[in-house]
Each structure stands twice: as C-alpha cells, then as structure tokens.
C-alpha cells in the first residue's frame, strides 16, 4: 500500500532533489507498492520525473498530485489528439524558437523540468536529449537579434530554471543588450514543483535585468505550500511581477470549489491569476480534457463571488496554430431602446441606459 512521503524531505538543495527524482518504472512501483500496466512503455515514450519535494505532496494514488505526475496507461491509447497541438514546428524559423505572433517569440532554452507533467503540450520534447543544445540557443539568439519587430521574448522549455544560474543569465543578458527587446518573460513551474530552486542568488540575478515577468503554473490548492509561498515572496519582494497560467484538468481542478481556493491562494502569495487554459489537445492527454463549457461555468462561478483580481481569463489555444482566444461568460443580451440589456452575476436582468447625448447617430455608428 502506498505511504505518503510528506515531511520526508531530506535533500539539502534543489540539485539534490532533482538528482533523487523518481524516473524509472522500478523506482515508482517500489514506492507505490503496486504495478502500473505498461509503465515501462509509457516512460519510454513520455519520460517521467517526480522530484522528492513534489512527491511529498502526494497523499494517495487517487489524489490530484498523483494524477498530474504519475504515468497513466491511457497515455498510450490511440485516441484523439495531435503530436504538436499548437503547430509550434510550423512557426519555427529556427529550431527551438516559435514566432507565431508578430512582436513576440517563444524561445526554448531547456528541455528539462522538475516534474514531467502528464498533461504537457510538449510531451514530444520534454526530457529528451538534443531538443535544446548550445547551437539551438545560439541560433535563437541570432534570430531574435536580426528581427527587430520582436519586442517580447518568452523563455520556456522544459523549464528555464532547471538551467544553472550562470547559463540562464548568459541568455537573459544577451537579450537585454538588444535595444528592441522591451520585455523578457520566463515560463516556469518551478515555484510550484521545486520551490527550493528559487534562491536569493537566482532572484538577485533576475533583478538585474528588469523588466522581467514570470508566469508560473499552479493547478491545485494543495500545491500552495509554505515552500511555494516563500519562493513567490522572494520573487515578489524583488519587484518581479508574477502571473499564473493554470490548466483546467478533468478530475484535478474542474470544479468551482477547487478553483476558487486555488485562485484565492495564489493572490495571497502575490501571484496574479492570468490564464485558465483549456487543456491542449496533445496526444496522450485526452483523459484530462473537459468540455469548454466547463471552463466558462467555472469562471462565471468566480465572477461576483470573489475579488476580481482572483478571476483569470479562460483561454483556448486553438489547435493547429490558430492562436489564443478568450472564451468567457456572456452577460450582454441585447442593445434595445437606447439601453444595454444585461444579466448580472446573480442572473438578474438589468438595463444600462445609453443617453441621447451619447446615442446620437454619429456615436452609434459602432453598434
């Protein structure tokens, strides 16, 4: 029978925690005290890594932490989904860089994560050697330098914080030396899955290159721990804006109560809920997918019932590279008799008057 590992963290630093991660079928099955069908086949196709810290949050084989990090036989099913659901390769002028939007690029600088999430939209890449190399980083830097319309660079992976601090600084410093780069963003799940990596030394380095924004990724209230709160405080105290990109996951967080607790907990840590993402349609992840209306209903259950700062944008990244769209509750019912007919968060009908001095012919041309 599985025994929870909470309070059994003995590693001294983040590197040791990563080094002692569960990565093989034998390690996991000894830990769980039971087998998982086709486990070796799953890991061969989609690598596994569960570090000691995140493992310690797991309480049973049916809880939301387990579901996010332990391989599931359904990952091998020949079901719906795409290998590259967002068509990143189609929009990659050089390996490891996606230029989908005119003024910004996604730049992969690491192929490793502290935990390999089973719902990842880059299951095809993470944990595999040769995806990110010194050469791909050089080519990416050269591309960004040559394309002056790019003003915003998102460093991603894998997880950029799995790089050594010096390696990450070398990349950031080169970007900051480019006059046309206004914003550097870092996408990282480390504040959630390996908060020990957020050290004063790392934070001091990042702070040298403002403005730098960090979008992290929490999916469940149980991930908001004392260690995670400390990591976010270190970043926030250094003036680094923090946002969260949560993924809507069936059986993990697809209900109002869980999502409300999560969003309130994030705000308490000074992490602004940014996006609630519909789970991308990557091959091997369909058991996590929800109906899009579920996300709309959850957002509607938050609006008016908690602080507005706790309400993220519900976003769908369109399969095939169509880009992001917002799918939010609709409150406007009609324009009628110089008024806006709406229903509020309680479902009550209201009229917002449009006065004559506003609603003349010239001003109404946009209606």
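Numbering (the working numbering), first residue to last: 1024 to 1390. All residues carry an ideal CB built from backbone N, CA and C; glycine is no exception.
Contact check between the segment 1115-1126 and the segment 1279-1289: fewer than three CB pairs, one atom from each, fall below 8 angstroms, which does not count as touching. Of the candidates 1293, 1259, 1305 and 1200, the residue whose Cα lies closest to the Cα of residue 1222 is 1259.
The alpha-carbon of residue 1105 is positioned some 32 angstroms away from that of residue 1079. For residue 1356, the uninterrupted beta strand (DSSP E) segment begins and ends at 1355-1359. A distance below 6 angstroms between beta-carbons, with the five flanking residues on each side excluded, links residue 1113 to the following residues of its chain, in chain order: 1344. In this structure, the alpha-carbon of residue 1318 lies about 21 angstroms from that of residue 1086. Under the three-state reduction of DSSP output, residue 1331 falls in the helix class.
By the Cβ test, the segment 1158-1172 is not in contact with the segment 1205-1221, since fewer than three Cβ pairs between them sit closer than 8 angstroms. It is roughly 11 angstroms from the alpha-carbon of residue 1274 to the alpha-carbon of residue 1089.
Residue 1332 counts as exposed, since fewer than 16 other C-beta atoms from the protein chains shown sit within 10 angstroms of its C-beta. Check the Cα spacing between residue 1351 and each of 1320, 1189, 1235 and 1097: the tightest is with 1320.
The residues 1162, 1163 and 1166, in chain order, have a CB closer than 7 angstroms to that of residue 1117 in the same chain once the five nearest residues on each side in sequence are set aside. Around the C-beta of residue 1355, fewer than 16 other C-beta atoms lie within 10 Å, and the residue is accordingly described as exposed. Taken in chain order, the whole beta strand (DSSP E) runs of length 3 or more contained in the segment 1074-1138 are 1120-1124 and 1127-1131. For residue 1316, the closest C-alpha among the options 1326, 1301, 1305 and 1329 is that of 1301. For residue 1115, the CB contacts under 7 angstroms within the same chain, skipping 5 residues up- and downstream, are 1121 in chain order. Assignment of residue 1067 by DSSP, reduced to helix, strand and coil, places it in the helix class.
When C-alpha distances from residue 1272 are compared across 1247, 1094 and 1308, the shortest belongs to 1308. A straight line joining the alpha-carbon of residue 1130 with that of residue 1376 spans about 48 angstroms.
If you ignore the 5 residues before and after residue 1290, its C-beta comes within less than 8 angstroms of the C-beta of 1296, 1330, 1332 and 1333, all in its own chain and listed in chain order. Taking C-alpha positions only, residue 1054 is separated from residue 1095 by approximately 16 angstroms. By the criterion of a C-beta distance shorter than 6 angstroms, residue 1052 is surrounded in its chain by 1058, once the five residues flanking it on both sides are discounted.
When the five nearest sequence neighbours on each side are left out, the beta carbons in the same chain lying within less than 6 angstroms of the beta carbon of residue 1366 are those of 1354 and 1372, in order along the chain. The beta carbon of residue 1305 sits closer than 6 angstroms to those of 1104, 1108, 1144 and 1146, all from its chain and outside the five residues before and after it, given in chain order. Its chain contains 1070 and 1139 as the residues whose beta carbon lies nearer than 6 angstroms to that of residue 1150, once the 5 sequence neighbours on both sides are disregarded; these appear in chain order. Taking each of 1294, 1234 and 1286 in turn and checking the Cα distance to residue 1254, the smallest one comes out for 1294. Classified as exposed, residue 1374 has fewer than 16 neighbouring CB atoms from the shown chains inside 10 Å of its CB. Note: residue 1349 is bridge-paired with 1338 in the DSSP secondary-structure output. Ranking 1225, 1338 and 1244 by CA distance to the CA of residue 1268 puts 1338 first. Rounded to whole angstroms, residue 1340 and residue 1303 show a C-alpha spacing of 7 angstroms.
Short of 6 angstroms from the beta carbon of residue 1342, and not among the five residues preceding or following it, lie these beta carbons of its own chain, in chain order: 1108 and 1304. Sequence-distant partners of residue 1173 (beyond 5 residues in either direction) whose C-beta falls short of 8 angstroms from its own C-beta, in its chain, are 1122, 1126, 1127, 1128, 1167, 1203 and 1204. The segment 1262-1313 is shown to contain whole alpha helix (DSSP H) runs of 4 or more residues at 1279-1291, in chain order. In this structure, the beta-carbon distance from residue 1183 to residue 1133 falls below 8 angstroms. Shortest Cα-Cα distance from residue 1261 to any of 1249, 1243 and 1236 involves 1236. With respect to the 8 angstroms criterion, residue 1286 and residue 1252 are not classified as neighbours on the basis of their beta carbons.
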